[in-house]
Every structure is written in structure tokens, then in C-alpha cells.
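Sequential numbering from 0 applies to the sequence shown in numbering that gives the first Met the number 0. Scroll down for the structure; my scribbles are underneath it.
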Amino acid sequence: MTLVSVLSPTDLPAATLAERAYAQIKQLIFDFHLLPGDRFSEADLTQRVQVSRTPLRQALQRLQREGFLLVFPKSGWQVAPLNFEAFDQLYDLRILLETHAVARLCEAEERPALRELADTWLIPAEDRVNHPLPVGQMDEEFHATLVRAVGNSEMTRVHADITERIRIIRRLDFIKPARIDVTYDEHARIIRAITRRRTDEAQRLLRAHVEQSKLEVRHITLDMLYQARQRLAVGQG
0 MTLVSVLSPT
10 DLPAATLAER
20 AYAQIKQLIF
30 DFHLLPGDRF
40 SEADLTQRVQ
50 VSRTPLRQAL
60 QRLQREGFLL
70 VFPKSGWQVA
80 PLNFEAFDQL
90 YDLRILLETH
100 AVARLCEAEE
110 RPALRELADT
120 WLIPAEDRVN
130 HPLPVGQMDE
140 EFHATLVRAV
150 GNSEMTRVHA
160 DITERIRIIR
170 RLDFIKPARI
180 DVTYDEHARI
190 IRAITRRRTD
200 EAQRLLRAHV
210 EQSKLEVRHI
220 TLDMLYQARQ
230 RLAVGQG
């Protein structure tokens, strides 16, 4: 048993409480329990996340800096509306970074990252992971590995920031089993093209892969948002 497990929430350091509140509120947003455009006060969340005002405010301010929340002085907070134009711009930037990374990898002499990726994605169908959550994490790691392999720390930092900002919609790509199989197949084709140093083919495959994912998550996000609002309306009826 760890020390944290035997402490009550009020016994934990403020920084730990703020981190926990941050994770809880972010998950409420990601799961559409707090809907885009919803307004709330700090008092509304105090009992829900079971922390005092100071760590709660720290968590809310962090989410504001990351673009998930808006603050209105004297009138509370609002979940930031979904901005698909901004998401499109982030996806465009992501494609630029990743296609550049693919080109560099096609030219590189030493490419140990490719073996790591092949071990994960070039596997028999019966060995594939089929649960949305781990596949979503694996997908993020696939694309992050391509960028990290270039060895440009600034490029890696920018790509990681984009990944964090689009995660709210990107993670939904794998709630349909068919999308998991498609992702395995497309990742495998990208890896093979890079391995064979076919730059144009690898970039084309990568671009098409990300563009299709962008379209899928837009449709899924809008559908889930509609369903969440319908459930809310029924509950209030």
C-alpha cells in the first residue's frame, strides 16, 4: 500500500490535488459529460471532483491555458466550443511534420525505429489489439515515433503539442472496430514504403491516412455530441 492510498483527499499536497482535479475535469470534457459550450461555476465542480477551491482553480487555469476552457470574470467558466477550423489547421500542420519526418527516414542510414514499429504493426490479424483505448495510445506512439526518429527536438515538441490538442477528437477514431483494422493495414503500408525508401509513396500513404482519420473523427464527434445533448434533454424532461 502506498502513502497516497491511505491519505484522504484533504491530506494530499495541493499540487497533487490540482493534478488529480485536472485529470478528472479533462476526462469529463473528453467523455462529453461536460459538453462544449456548457457553463459552470467552481462551486459546481468542487463536490464533483472532491477538492477544495485552490487546487480546483489551479486545474481550471491549466485547462484554460491548454484551450479546453474559457473563463468569464464573475460569471464562471465555459467548456470551449469545438472549433473544427482550428482542428483542421492542427491536422494540416501535423501532416507537414509527419511527411517531412517520413522523407528524412527514407534517406536515413540507421533506422532502428522502423524495427520497433514493424514489431507492433506488421503482425498477423489474430494478434492485433482490438480495444479502442490501447489502440488509440499505440496510434499516437506510431506517429510520434516517426517524428522523434528524425532527431529534431523542436519538431518533436511541436508535434507533441499538436497531439495533445487534437486528442479530444482523435481518440474517437477507434470506437469502430473496422477503423482499428484499417489503421493496422495503413500503418503497415507506410512502414513498408519507408523500409523500401519509397519517399513519394510513403508520404502519399501517410497523408491519406491522416486525412481519412480527420474525416472519421469529425463525423463521430458530431454524432456523439448530438447523442449527449439528446440524453441531457431527456434527463431534464
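A virtual CB, placed ideally from N, CA and C, is assigned to each residue, including glycine. Being a predicted model, the structure only gives us computed values, none of them experimental.
* To do: Within the same chain, show all residues whose beta-carbon is closer than 6 Å to that of valine 274, passing over the 5 residues directly before and after it, in chain order.
  => Residue 274 lies beyond the stretch modelled for the chain, which goes from 0 to 236, so this question has no answer here.
* Asked: Got a sec? Which residues, its chain only, sit under 8 Å from threonine 9 by beta carbon, not counting five neighbours each side?
  -> The count along the sequence shown starts at 1 and reaches residue 9 at position 10. Any reading at threonine 9 must be qualified, since the residue scores a pLDDT of 48, below 50, and its modelled position is unreliable; the value itself is stated next. Cβ within range, chain order: Ser51.
* **Same chain, Cβ closer than 6 Å to leucine 2, neighbours up to 5 away in sequence not counted** => As a first step, residue 2 is located in the sequence shown; it is residue number 3 there, counting from the start. Residue placement at leucine 2 cannot be trusted, given a pLDDT of 31 that sits under 50; the coordinates are not used to answer.
* With glycine 135 as the anchor, note down where its alpha helix (DSSP H) starts and where it stops. => Residue 135 sits at position 136 when you count from the first residue of the sequence shown. Where glycine 135 is concerned, the enclosing alpha helix (DSSP H) stretches over 131–147.
* To do: For aspartate 43, I'd like the list of residues in its chain whose CB is within less than 7 Å of its CB, leaving aside the five on either flank, ordered along the chain.
  => For the purposes of this step, residue 43 is identified with residue 44 of the sequence shown, where counting begins at 1. No residues qualify anywhere along the chain.
* Alpha carbon to alpha carbon, what distance is there between glutamine 63 and glutamate 97? -> Taking the first residue of the sequence shown as position 1, residue 97 is located at position 98. Taking the first residue of the sequence shown as position 1, residue 63 is located at position 64. Take the alpha-carbon of glutamate 97 and the one of glutamine 63: they are about 28 Å apart.
* Anyone know if the C-beta pair for leucine 69 and glutamine 77 falls short of 7 Å? -> As a position in the sequence shown, residue 69 is number 70, starting the count at 1. As a position in the sequence shown, residue 77 is number 78, starting the count at 1. Yes. Within cutoff.
* Where does threonine 53 land, buried or exposed, given buried means 16+ other C-beta within 10 angstroms? -> Mapped onto the sequence shown, residue 53 falls at position 54. That one is exposed.
* How do the region 192–199 and the region 78–92 stand: do at least 3 beta-carbon pairs fall below 8 Å, yes or no? -> Contact fails between the region 192–199 and the region 78–92, because fewer than three Cβ pairs, one in each stretch, are under 8 Å apart.
* To do: Identify whether glutamine 77 lies in helix, strand or coil by the three-state DSSP scheme.
  => Residue 77 sits at position 78 when you count from the first residue of the sequence shown. Here glutamine 77 sits in strand by DSSP.
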